[in-house]
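Quick note, the sequences are listed as chains A and B, same order. Mapping to our numbering: the first sequence position 171 is 207, numbers consecutive. Mapping to our numbering: the second sequence position 368 is 401, numbers consecutive. Here a beta-carbon is modelled for each residue, glycine too, at the ideal position from N, C-alpha and C.
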Amino acid sequence: MRLKSLQLYTEDPAEEFAVSGHRACQGCAEILALRLALKVFGKDTILCMATGCMEIISTPLPTTAWTLPWIHVAFENAASVASGVEAGIKILMDKGKIAKKDIHVVAIAGDGGTSDIGLQALSGALERGHKFTYICVDNEAYMNTGIQRSSSTPYGAMTTTSPPGKKSIGQATWKKNMPEIVAAHNVPYVATACPSYPFDLFAKVKKAKMVQGPSYLHVLSVCPTGWRIPSNQAIEYGKLAVRTGMFPLYEIEDGICRVTYSPEPLRPVTEYLKGQGRYRHLTEESTSLIQERITSEWEQLKYRCTVK
Amino acid sequence: MKVLKGIEVSIAAADAAKLARVEVIAAYPITPQTHIVEHLAELVANGELDASYINVESEHSAMSACCGSSAAGARTFTSTSSQGMELMHEILFIASAMRLPIVMAAVNRALSAPLSIWGDHGDVMASRDTGWIMLFCENGQEVVDSTILAFRIAEDRRVLLPVMVNLDGFSLSHVIEPIDFPTQKEVDEFLPAYDPLYTLHPDKPVTMGAYGMPEIYTEAKYAQETALVNSKVVIKEVLAEYGKKFGRNYNIVESYNTENADVVFVALGAIGENIKTAIDTLKEQGKEAGLVSLRLFRPFPVDEVASALGNKKRVVVIERVMPAGAPNGPLFQELSAVALARGFKGELTNYIVGLGGRDVLPQDFEAVFEEISSGNPAIPHDGKNFRVIGVRA
Ligand SMILES: Cc1ncc(C[n+]2csc(CCOP(=O)(O)OP(=O)(O)O)c2C)c(N)n1
Ligand code: SF4
C-alpha cells in the first residue's frame, strides 16, 4: 500500500482496525475490503455486524480482531442494530450524558445478510434515514455456512444449494441488483466498490462517511474458497470482474449516477469465468448468454450514468 | 391524601415508562399493545418525553434496535404482543445473553391460528425460556409499579438482564383503573440514571456478541443462568425498597387466603383477581379456598412457591395456554418440578382457561372448587391430564 497516497483518505494510514490474528482464509478479499474501508472510517466508528464469515473469523471468545467498538447480534439485523446504536448515542449526546463527538455507525453484512434475510431491516433503516453507512461485503454466496446460493449469486454459478446437474445449470437466476434497490430508497449515497481498486474504494468510503444520512456501499469481495480459485488470485479476479463488466464500479450521489471507472472496451466474460471452479461446468451456450446480459447491463448503466 | 387517577392501563404503562425516563423506544404496533406505543409516540412528539422513538419496520427490528441502543448505553423500552413477540423470539435470547437491561411491556395475547387478537398466555409461554426476567401483573397499579421497578432490577450491576412486564391483553390493558402515580421526583430518587458497565464507544472499544467455541459456551451459559437465578435476591430487595418508598408492598409470590384453605389455586396475571372474587364468595359460604399468585415467573421462585403451598392438600393450577401436546400446561409442569424437588405431597390438578380471550368468571372458579372438593378431579377429560373450562364438544 502506498501509505503517502492513503494519507489523503485517513488520519493515520498505518493504523489498523481489523488486526492480525483473525481466521479468514488465505486470500480473502472480504476481510481485505473491511480492513481498507475501516482505515478511512477511522477510530470514531462503531461497527454493527451481521452473522457471516467476517463475524466468525474475527471474534472467537475471548479474542477479537477489532480495535473498534463492535457488536454482533444476529444474521438479519445489522441495519436495525445500527439504527438502535445510532439513536442511542445521539440521544445520549443530546442529553449531555456522553461528550458530543462525530461518531460514525457502520453496519456490515454479507450478500445473504443484505439481499436475502436482512433486506427488510435494511430497507427500514434506509427509509428512516439513520445516519449510518451500510456495507454489503458481497462474496456472491453464503460462505460462512459452506457456499450456499444467495440472491446475489450470479447466473450459472455452482454452489452447494445450486449445484449443476443433468437438469440444472447451477444458479438459475440472475444476480439481484442490490445497489439499485437501495438507490430506490432515495438515500444520499450509493456506490459499488472492490478492494482490487483500493483508491476507488477509499474515495467512496470517504464520501459515504460524510453523508448526513444513510449511505450504502456494495463491495465485491472475492472469496477464493467459494469461487474455487487459488488464494493468490483474489485481487486479479476482482479486477477481471470489473474489466469484463460483471461488476461495474459506479456511484449514485443524490440521485446522480456516475461510473467511476470505465473499463471499455470490456474484456470478454470468459476471461473472468474461466479458471473459477464455480463456473467450470458452463457450456459455451450459457457463457454467451451471460455475455449478452452483461453487455446489455453495461449499456444500460452507461445510458443512466455519465461516464467519467 | 393520595389522588388516584382513572386511566386506561395501557396509557398508564406508557406514562410509567415516561416516569422511568426512557431514552430510546423502538416499537412496532400490534393489538392489544398498540395504545402503549401510540401514547409513547405522542409523549415524544409533544416534547413531554425526551427520548428517541424509532419507528422500526417489524418487531424483529424493534428488539434488534433495542439491543443496539441498550448496548450504546441508553435506557431502552419496547412493547409487544403475540405474533410480535414470536417475531422477536430469536432476538429475545440474544438480548438476555448479551446482558442488555431492556424493559418490555408484554401485553399477552393468543397466537395464530386461528388469528385471535384477544388475551391469553400463548405468547409469553412460548418465550418463557429466553432468559428474560418475567414479571406478571394482576392490575393496573402493578403494571405501573412493575414498569418502574423493572428498570431498577434490569440495570442493577448484579443483574444486567432484560425484564418483561406481562399484562393480560384487553382484560387488563384496556380497562380503566384508578391508579396512584408516583411523582417524577420520587421516581428519580428511586431510579437513578442508567450507568452502564460497558458501552459501544470509540473511546473505549469493546467487542459485544462474539461467538463461543464449545470450550466456552457452557461456561458462558452457566454464568448467564447464575445471573438469572441470583437476580431473585435483587428482585426481592428492589420490591422491598419500592414498598418502603411508595407504600405498595409486593412479593414475588403472593398468597391470598391460603392459611385455612385446603384447595389452593395457582395462577399468573389478571385472572388472579377473578379467582380472588370466587374465593371471597366461597368464604361467605363458609368454604375456604386460597390463591397463590406468581408475580415472578422467571427466574422461577422455587422455594417461595414451595413454602406458599406448604402442606396444602389440593393445588389447582390455572393457565391460559394450551399445553400443545405436553402432558400439562407449562405452569403445571414447573409446579410438578417444584413438588418433586421440594417434597410437596399435595395433589396437583391442571385447568386450562380463558384461551383467546374467552371469558372466565368467578363462578367458573367456584365450580372448579366444588369439583375439586367433591374429590373426583383426578379424572381428566378425554384422557388428557388437564381440563379445559368451557370447551364445547
Ligand atoms: C436466522 C438465521 N438463519 C440462518 C443462519 C445461518 N447462517 C449464518 S451465516 C449464513 C450465511 C452468511 O452468508 P452471507 O451473508 O452472504 O455472508 P458470508 O458468510 O458469505 O460473508 C447463514 C445462512 C443464521 N445465523 N440465522
Ligand atoms: S470463505 Fe471466503 S469470504 Fe469466508 S473467510 Fe474464506 S475466503 Fe473469506
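Span separating the alpha-carbon of LEU364/B from that of PRO334/B: 12 Å
In this structure, how does DSSP classify ALA374/B when only helix, strand and coil are distinguished? helix
Helix, strand or coil: which one does DSSP assign to GLY117/B? helix
Residues that DSSP places opposite GLY149/A in a beta bridge: According to DSSP, which records beta bridges pairwise, GLY149/A is partnered with nothing at all.
Flag CYS61/A as yes when its Cβ comes closer than 7 Å to any non-hydrogen atom of ligand 2, and as no otherwise. yes
Along the chain, which unbroken stretches of the alpha helix (DSSP H) at least 4 residues long are found entirely within the segment 288-375 of chain B? 304-317, 335-342 and 363-375
Collapsed DSSP secondary structure at PHE234/B in the structure displayed: This sequence places His at residue 234/B; Phe is not what is there. DSSP places HIS234/B in coil when its eight states are reduced to three.
Go ahead and pull the three-state DSSP assignment for ARG294/A. strand
Under 8 Å, with one C-beta from each stretch per pair, do the segment 255-267 of chain A and the segment 56-67 of chain A reach the 3-pair mark? yes
Just to confirm, are GLU399/B and LEU342/B a CB contact at a threshold of 8 Å? no
Taking the alpha-carbon of CYS100/B as reference, which of GLN66/B, SER129/B, ASP228/B and GLU90/B has the nearest alpha-carbon? SER129/B
Out of GLY80/B, VAL198/B, ARG132/B and LYS237/B, which has the shortest C-alpha to C-alpha gap to THR81/A? LYS237/B
Using a Cβ-Cβ cut-off of less than 7 Å, give me the residues of the segment 211-236 of chain B that come near chain A, in sequence order. LEU233, HIS234 and PRO235
Just checking: is the beta-carbon of HIS108/A within a distance shorter than 8 Å of some beta-carbon in chain B? yes
Between the segment 288-301 of chain A and the segment 315-324 of chain A, can you find at least three pairs of beta-carbon atoms closer than 8 Å? no
CYS100/B lies in the alpha helix (DSSP H); which residues open and close that run? 92-105
Which residues in the same chain have their Cβ closer than 6 Å to the Cβ of SER288/B, if we skip the five residues on either side of it in sequence? VAL325 and ALA341
Using the beta-carbon count (16 or more within 10 Å), is GLY152/B buried or exposed? buried
Taking 7 Å as the cut-off, is the CB of CYS64/A close to at least one heavy atom of ligand 2? yes
Give a yes or no on whether the C-beta atoms belonging to TYR225/A and GLU289/A are separated by under 8 Å. yes
Decide yes or no for the touch test of the segment 183-203 of chain B against the segment 132-141 of chain B: beta carbon pairs closer than 8 Å, at least 3 of them. yes
Counting pairs of beta carbons, one from the segment 98-115 of chain B and one from the segment 117-129 of chain A, are three or more of them closer than 8 Å? yes
Determine the DSSP secondary structure at LYS248/A, reduced to helix, strand or coil. In the sequence as displayed, the identity of residue 248/A is Gln instead of Lys. Coil.
Between the alpha carbons of LYS265/B and PRO332/B, how many angstroms are there, rounded? 7 Å
Would you mind giving the Cβ-Cβ distance between ASN293/B and GLU317/B, rounded to the nearest angstrom? I have them listed as a contact below 8 Å. Incorrect: roughly 14 Å between the Cβ atoms, too far for contact.
Should ILE431/B be labelled buried (16 or more other beta-carbon atoms within 10 Å of its own) or exposed? Nothing about residue 431/B can be read from this structure; chain B reaches only from 34 to 426.
Interface partners of ILE217/A on chain B, CB under 7 Å: Neighbours of ILE217/A on chain B: none; closest Cβ ~15 Å, over 7 Å.
Within 10 angstroms of the Cβ of ILE127/A, are there 16 or more other Cβ atoms? Answer buried if so, exposed if not. buried
I'd like to know whether the C-beta of ASN88/B is nearer than 8 Å to at least one C-beta of chain A. yes
Comparing the C-beta of GLY120/A with each C-beta of chain D, is any distance below 8 Å? No chain D is part of this structure, whose protein chains are labelled A and B.
Does DSSP put VAL386/B in a helix, a strand or coil? coil
Selected residue, minimal CA-CA separation from LEU337/A, among SER186/A, PRO215/A, ASN222/A and PHE235/A: PRO215/A
Range of the contiguous beta strand (DSSP E) that encloses SER289/A: As written in the sequence, residue 289/A is Glu, which differs from the Ser given in the question. 285-289 is the extent of the beta strand (DSSP E) around GLU289/A.
Report yes if the C-beta distance between THR382/B and THR100/A is below 8 Å; otherwise report no. no
Output, in chain order, the set of chain A residues within a Cβ distance shorter than 8 Å of GLY101/B. CYS84, ILE107, VAL109, SER116, VAL117, ALA118, SER119, GLY120, VAL121, GLU122, ALA123 and GLY124
Run through DSSP, which three-state label would PRO211/B get? strand
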